[in-house]
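S.K.:
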Amino acid sequence: EKGTYPHYMLKEMDEQPTVIRKIIQAYESETGDLTIDADILQALQDADRLYIIAAGTSYHAGLIGKQYFEKMAGIPVEVHISSEFGYNMPLLSEKPLFIFITQSGETADSRQVLVKIKELGYPTLTVTNVPGSTLSREADHTLLLHAGPEIAVASTKAYVAQVAVLAVAAYVTAKANGQGVEFDLKQELAIAANGIQTIIDSKDVLEDIAEDYLKIARNAFFIGRNIDFCVSLEGALKLKEISYIQAEGFAGGELKHGTIALIEEGTPVFALVTQEAVSLNIRGNVKEVAARGAYPCIIAMAGVDEDGDRLVIPQVNELLTPLVSVVPLQLISYYAALHRRCDVDKPRNLAKSVTVE
Ligand code: F6R
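Quick note: the sequence shown uses UniProt numbering, first residue 244, plus one each step.
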């Protein structure tokens, strides 16, 4: 129940620190290390390539998961949109493992791929929030998100849970393979949970930003590089689906290849800056759009922030920045939708589980 909250979405965003802490508990062994079921670990260790299949927000989480498995565990990963997968099946490696990321576990587009992959006889793993859901029952293995029921149509806490669980799975696999991971993920996740809490505690700032940038905007852009680019796609999707403002996420470096033509006087551009290695470049992109009249809003992580950044978010492990950087984007979308009197929990044309292809 949403209790005193005006919307499920607000309640579910508020739950995000708790969700991360629950995931730490759920995946903790008796000795206090992070762990996953032995047969799932075996399946991940046996695979020479992972094929992540997902839709919408879950697809965006998959893009982050790719970085985790590649950077921590050294396993190559492809991420595919469920509804597109069948048209041009990728050439498969010798020992593929298919990972279906789905909050509901009921998405027809993803299930269609699962059915086909099972026919072909390849191993499958579903990462879902709903135990006993169709994709959980039909896959060989399930990793649960432990996010609690997500009622609002716009997915928020499930995304954060997906990213965290994918980090756990990649980390545990890396450790089991003897790969040197230089940090303690449990500790880093706890820091990220606190970071999210800090942002949630200063919601008013996000409400102000939403009013300032989006109350009358016709469109908006989200830009970032590397992992920030993946999060910018999710930021744009959130804004589109609940505020009906046309929004797109772009790779900072790609702007000059066409998109920059869309920048007009006052166009809101949200830029994520959480990665030291690309900070200069993305800041360069912000200058380019500002020079063409855009109204930029830089959301930077402490440590890579500069004077004039509109919002500084708490510092977390470089790989875990999506857990924290997505939260201001969710809140900005929420308040933009409120300012524009949209039905936040039940946006037009959308259903919580998409059970048609
Ligand atoms: C966006 C959103 C959708 C879902 C997509 C996949 O906020 O909720 O984009 O992420 O329909 O749904 P699941 O994860 O249930 O397969």
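For every residue, glycine included, the Cβ atom is placed at its ideal position computed from N, Cα and C.
The beta strand (DSSP E) spanning Met544 covers which residue range?
M.R.: For the purposes of this step, residue 544 is taken as residue 301 along the sequence shown, with counting starting at 1. Its beta strand (DSSP E) spans residues Tyr538 to Met544.
S.K.: With distances taken from CA atoms, which of Met256, Ala351 and Ile263 is nearest Ile296?
M.R.: Along the sequence shown, one-based indexing puts residue 296 at 53. Cα-wise, what sits closest to Ile296 is Ala351.
S.K.: Closer than 6 Å by C-beta to His323: which residues in its own chain qualify, once you throw out the five before and the five after it? Chain order, please.
M.R.: Reading the sequence shown from its first residue, position 80 is the one you call residue 323. Here the set comprises Ile296.
S.K.: Hey, quick one: how far does the beta strand (DSSP E) through Thr369 stretch, first residue to last?
M.R.: Position 126 of the sequence shown, counting from 1, holds the residue named residue 369. Unbroken beta strand (DSSP E) run through Thr369: Thr367 to Thr371.
S.K.: Any chance the CB of Leu480 is under 7 Å from a heavy atom of the ligand F6R?
M.R.: The residue you call residue 480 lines up with position 237 of the sequence shown. Yes, the ligand F6R has a heavy atom inside 7 Å of this Cβ.
S.K.: Spell out the partners DSSP gives Pro345 in its beta bridges.
M.R.: To locate residue 345, count along the sequence shown from 1; it is residue 102. Per the sequence shown, residue 345 should be read as Thr rather than Pro. Thr345 pairs with Thr371.
S.K.: With three or more C-beta pairs closer than 8 Å as the rule, is the segment 263-270 touching the segment 426-446?
M.R.: A contact exists between the segment 426-446 and the segment 263-270.
S.K.: Taking just the CA atoms, how far does Gln285 sit from Asn420?
M.R.: Translated into the one-based positions of the sequence shown, residue 420 becomes position 177. Translated into the one-based positions of the sequence shown, residue 285 becomes position 42. Straight-line Cα distance between these residues: approximately 10 Å.
S.K.: Rounded to a whole number of angstroms, what is the C-alpha to C-alpha distance between Val411 and Ile283?
M.R.: The count along the sequence shown starts at 1 and reaches residue 411 at position 168. The count along the sequence shown starts at 1 and reaches residue 283 at position 40. Roughly 12 Å between the two C-alpha positions.
S.K.: According to DSSP, which residues form a beta bridge with Phe312?
M.R.: Indexing the sequence shown from 1 puts residue 312 at position 69. Partner(s): none; Phe312 has no beta bridge.
S.K.: Would you report the Cα separation of Lys418 and Ala316, rounded to the nearest angstrom?
M.R.: By 1-based counting over the sequence shown, the position of residue 418 is 175. By 1-based counting over the sequence shown, the position of residue 316 is 73. Cα to Cα, the separation comes out at about 8 Å.
S.K.: In chain order, which beta strand (DSSP E) runs of at least 3 residues are fully inside the UniProt domain "SIS" (452-590)?
M.R.: Taking only runs of at least 3 residues, the beta strand (DSSP E) segments lying wholly in the UniProt domain "SIS" (452-590) are 462-467, 489-494, 511-516, 538-544 and 554-556.
S.K.: Are the segment 534-553 and the segment 488-502 in contact at 8 Å, needing three or more beta carbon pairs?
M.R.: No: the two stretches stay apart, fewer than three of their Cβ pairs being nearer than 8 Å.
S.K.: Cβ atoms of Glu454 and His582: under 8 Å apart, would you say?
M.R.: Within the sequence shown, the letter at position 339 stands for residue 582. Within the sequence shown, the letter at position 211 stands for residue 454. Against a cut-off of 8 Å, the Cβ pair of Glu454 and His582 comes out as a contact.
S.K.: Sort out for me which residues DSSP pairs Tyr270 with in a bridge.
M.R.: Here the question's residue 270 lines up with position 27 in the sequence shown. Bridge partners of Tyr270: none, in fact.
S.K.: Starting from Thr441, trace the alpha helix (DSSP H) both ways and give me its first and last residue.
M.R.: Along the sequence shown, one-based indexing puts residue 441 at 198. Run containing Thr441: Leu428 to Asp444, per the alpha helix (DSSP H) assignment.
S.K.: From Ile307, Asp257 and Thr377, pick the residue whose C-alpha is nearest to that of Gln440; which is it?
M.R.: For the purposes of this step, residue 440 is taken as residue 197 along the sequence shown, with counting starting at 1. The candidate whose alpha carbon is nearest that of Gln440 is Asp257.
S.K.: Determine whether the beta carbon atoms of Thr369 and Phe328 lie at a separation below 8 Å.
M.R.: Start at 1 with the first residue of the sequence shown, and residue 369 comes out as number 126. Start at 1 with the first residue of the sequence shown, and residue 328 comes out as number 85. No, the Cβ-Cβ distance between Thr369 and Phe328 is not below 8 Å.
S.K.: Within the present structure, is the beta-carbon of Ser301 separated from the nearest heavy atom of the ligand F6R by less than 7 Å?
M.R.: Here the question's residue 301 lines up with position 58 in the sequence shown. Within the cutoff, so yes.
S.K.: Rounded to the nearest angstrom, how far is the Cβ of Gln259 from that of Val587, given a contact under 8 Å?
M.R.: For the purposes of this step, residue 259 is taken as the residue at position 16 of the sequence shown. For the purposes of this step, residue 587 is taken as the residue at position 344 of the sequence shown. Between Val587 and Gln259 the Cβ distance is about 17 Å, and since that is not below 8 Å, they are no contact.
S.K.: Locate the beta strand (DSSP E) running through Thr385, then write down its first and last residues.
M.R.: As a working mapping, residue 385 is identified with position 142 in the sequence shown. Start and end: His384 to Leu387.
S.K.: Checking the sheet assignment: what are the DSSP bridge partners for Arg292?
M.R.: Here residue 292 corresponds to residue number 49 of the sequence shown, with the count starting at 1. According to DSSP, Arg292 bridges with Pro339.
S.K.: Straight-line CA distance for Ser486 to Ala281?
M.R.: One-based indexing of the sequence shown puts residue 486 at position 243. One-based indexing of the sequence shown puts residue 281 at position 38. Cα-Cα distance, rounded: 43 Å.
S.K.: Of the choices Ser568, Glu393 and Asn560, whose alpha-carbon is the least far from that of Lys245?
M.R.: Position 2 of the sequence shown, counted from the first residue, corresponds to residue 245. Looking at the Cα atoms, Glu393 is the closest of the given residues.
S.K.: When burial is assigned at 16 or more other CB atoms within 10 Å of the CB, is Arg468 buried or exposed?
M.R.: Here residue 468 refers to the residue found at position 225 of the sequence shown. Classification of Arg468: buried, given that the 10 Å Cβ count is 16 or more.
S.K.: When you measure from the CB of Ser398 to every non-hydrogen atom of the ligand F6R, does any distance come out below 7 Å?
M.R.: Taking the sequence shown and counting its residues from 1, the one referred to as residue 398 is at position 155. Answer for Ser398: yes, Cβ within range of the ligand F6R.
S.K.: Should Leu574 and Leu449 be called a contact, given that it needs their Cβ atoms to be closer than 8 Å?
M.R.: To locate residue 574, count along the sequence shown from 1; it is residue 331. To locate residue 449, count along the sequence shown from 1; it is residue 206. Taking 8 Å as the Cβ cut-off, Leu574 and Leu449 qualify as a contacting pair.
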